[in-house]
Structure formats: C-alpha cells, structure tokens
Amino acid sequence: MISPKFPPTVDMIELISKKSPDGRIPARAPNAFIIYRKVYVETAREHGYYLPMTIVSSMASQSWESADETVKAEYRRIAKEALRVRNEMCCESGRRKKTNKIKVLSYQKNLTSEKTLLELTEFIEKKLKELNVRMFNYLHFRELKLIGSGGYANVYSVKFYGKQYAVKSLRNTLRLEHKEAMSFIHELKILREVSHPNIIKFYGVYKDPHTHNFMLILQLANGGTLRNYLESKWKDGKFEIPWIDLISFAIEITCGLRFLHEKKICHRDLIRRDEKSDIYSLGVVFWELTSGTPPFSDSPNHAIIIKISQGKRETIIPGTPIDYAKLYMRCWDSEPEKRPTLEEILTELKSGYDEFAKKKF
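Mapping of the sequence shown onto full-length UniProt numbering: residues 1 to 361, in sequence order.
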C-alpha cells in the first residue's frame, strides 16, 4: 500500500505553473486532492510503480478517502497558499480581471442548467420515439422499492398489473450531461438488440411525472445476484456448492456472453472494453464460483489494482478440478492473445459437465 510522504514537500511555483507547457499561469489553482495526487504519483514512482494515470488516480482517490484528517488539513492549507500565490501572480500579469470574468460566466452557466435539463429530457424522449420503445404508464405501478444503486442509476423492484419487474432509474438531475444522456440511449439500443435466456430482458421505459427521471423496465431477477447466491452457500465458515451446479452456472454465463459477442456487444459496453477483456472477467467469475468471495477480497481496491498490474492472481481453491482451474487461469492470462475463445471455453465446460453428470458429483 502506497502512503504519500508526510509532511509533503511541494514547490509552490512549480505547482501552479507546471500545467502550462508554455509557462503561462493555469486557469485555476489546484485543489487539495490534486496536490495530494501529485505527491502520491511521485511516491509511487519512488517505489517503482509506473502505472497508467487512470489507475494511479483511482488509487490516490482511495488513499485520500481513508487519509487522516490531519493529513487532509495540511493539503488544504497548501491548496489555500497555492491560490494566494497564484492570485498575486495574476495581479502582476494583469490577468485578475480576466479571471473574474470567467467566474461571472460560470455563474451564468449555472443559471441555464434547468434549461439544459429540459433540453436533455426532450432529446431522450425524441430518441425513444425513434427507437420505437414501449412507454409504460407510471400510474399503473405499485410497490416501488429500492433494491440497488449504480454509477448513474438506481434500481427498484415494482409491480405492474400483478407482475414483478425491475426498474432502472436514470438520475436525471441538474448534473446530468449530454454524454450521460447518450450513454442512456446507447444502453437502450443494446437492450433492444438482445433476447437470450441468459440475459435480463428489456420491456420498455417510463418517465416519472414528478422528477422527470427516465426508467428502464427490465426482467426482475428475483433470485438476487450471483454474488448473493454464492454468499448464501456459506455455512459455518465453509463454502459449499455442488460442482454440477457450478459448471452449469459457468456454462450459462458463457452462453450469455457469447451471444453478446455475436451481436458485437461487449459486456459493460458503455465503457471501453473488448472481447479479450470480457474473457479475463469471465475467468475471474469462474474463480469466484469456487471460492464464494470476490478475488483479493481482503485487500483495498487500490492494492488490488497493483497486484493485478504486477501479474498476481488468486490461488486455486483446494478441491478444484485441475482442468477447470487451468481454464480460468488461461482466461486471466496477462497476455490477451493467449486467452481462449468463448467457443473453446464452452467446449471445455460442457465436457466437464458431462463428466460430473456421469459421476453424479
């Protein structure tokens, strides 16, 4: 685990001018977290970790959240001092008036946020009509209950004409941006293209008349998530699941993923991934089926990222059939080209299933 050196050593002039390659003063002074992240990156490199900035930023964010309040207070003090120095430099360079103008423009931009929200709402409604998506009537819904929350949406269970559905609600707040609306429409397009027994079914959309939130009407997996199921298999500190059930789950998951790939859709298609990344994730799920817990569950998120980037993987759970273990280890190989195809994975899984079925294992 990386711990930024404390107290931090910061060159104030470098801190507020380094962002501009031409040496000009940046538009704003860095906040406390940006300064913390800078020191975190320097500390990581001193320890030999040269990771992509996206990964380091995630690790720094986790570290900042768990940092002692004394540490945060020191970085806030440095940020305040950086702002003071920058303002002095702005006055000397004649840029202070321009900075004040930027603040006025930002205020005016906030005043138009409600108008932007209305425009985005109209944009989404127009796209729904173009896609010929069924619109549900909110008045016919009963027993709406929150069952989960994600990055930009909440998930509820709801009863509609006596049948249970899952409802995914886009948090359509004043923070909603055009790219999030596009992600929502993109997800709709994907959902309309998929119809498979191993994939949650999409039924339509409705808009809450009070909040104007858009909600996806989906098939309710009333048995809960796979992780919920695995957690239920822990008894007296021991995880037990019949191998025939485990292989069956692995086959169903792989079949669903194969269908998506045939449609040229990658799992979690709303972010940049490819088929080989999905194979890696599949291997992780296969291992989790044998353990009942997520990989490296005893480590914080930033530590997990470091372990994976260093090529470390979870150990084989005792009692795991060797062929199954070899399969998931091939799936999470550090070199994507060495990972098996979905067809190869299915062939091996079905072969293993047949063996267990004969043994009634």
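Even glycine gets a Cβ: it sits at the ideal position worked out from N, Cα and C.
With H, G and I counted as helix, E and B as strand and the rest as coil, what does DSSP make of residue i?
| i | result |
| --- | --- |
| V205 | strand |
| T9 | coil |
| G283 | helix |
| Q310 | coil |
| I271 | Note that I271 scores 40 on pLDDT, short of 50, meaning its location in the model is unreliable and no value can be drawn from it. |
| L342 | helix |
| K235 | strand |
| K263 | coil |
| F214 | strand |
| V194 | coil |
| A166 | strand |
| K98 | Any reading at K98 needs caution, since the residue's pLDDT is 48, under 50, leaving its predicted position unreliable; the model's value is listed next. Three-state result, K98: helix. |
| S63 | helix |
| A187 | The amino acid at residue 187 is misidentified as Ala; the sequence shows Glu. E187: helix per DSSP, three-state reduction. |
| residue 385 | A question about residue 385 goes unanswered here, because the residues of the chain that appear run from 1 up to 361. |
| E130 | helix |
| A357 | helix |
| P336 | helix |
| D298 | coil |
| E122 | helix |
| I78 | helix |
| S291 | helix |
| D68 | coil |
| S3 | coil |
| T315 | coil |
| G224 | coil |
| E240 | coil |
| I200 | coil |
Looking at the strands, I want to know which residues DSSP matches up with residue i.
| i | result |
| --- | --- |
| R142 | K159 |
| F33 | Paired residue(s): none; F33 is not in a bridge. |
| S149 | N154 |
| Q219 | Y165 |
| residue 370 | Outside the modelled stretch of the chain, which goes from 1 to 361, sits residue 370, for which no answer is possible. |
| M135 | V205 |
Using the Cβ count rule (16 or more neighbours within 10 Å means buried), how would you classify residue i?
| i | result |
| --- | --- |
| A357 | exposed |
| E314 | buried |
| M135 | exposed |
| E193 | exposed |
| G352 | buried |
| Y206 | buried |
| D278 | buried |
| G283 | buried |
| S169 | buried |
| A60 | buried |
| G292 | buried |
| L246 | buried |
| L327 | buried |
| L191 | buried |
| N137 | exposed |
| A79 | buried |
| P30 | buried |
| P7 | exposed |
| L131 | exposed |
| K37 | First, the amino acid is wrong: residue 37 is Arg here, not Lys. Counting Cβ neighbours within 10 Å, R37 comes out buried, since at least 16 surround it. |
| E288 | buried |
| P197 | exposed |
| R339 | buried |
| L342 | buried |
| residue 450 | This structure gives no information on residue 450, because the portion of the chain shown stretches from 1 to 361. |
| Y156 | buried |
| L139 | exposed |
How do the stretch 233 to 241 and the stretch 214 to 221 stand: do at least 3 beta-carbon pairs fall below 8 Å, yes or no? no
Give a yes or no on contact between the stretch 320 to 331 and the stretch 79 to 87, applying the rule of three or more CB pairs nearer than 8 Å. no
Taking one C-beta from the stretch 335 to 351 and one from the stretch 299 to 313 each time, how about it: are there three or more such pairs within less than 8 Å? no
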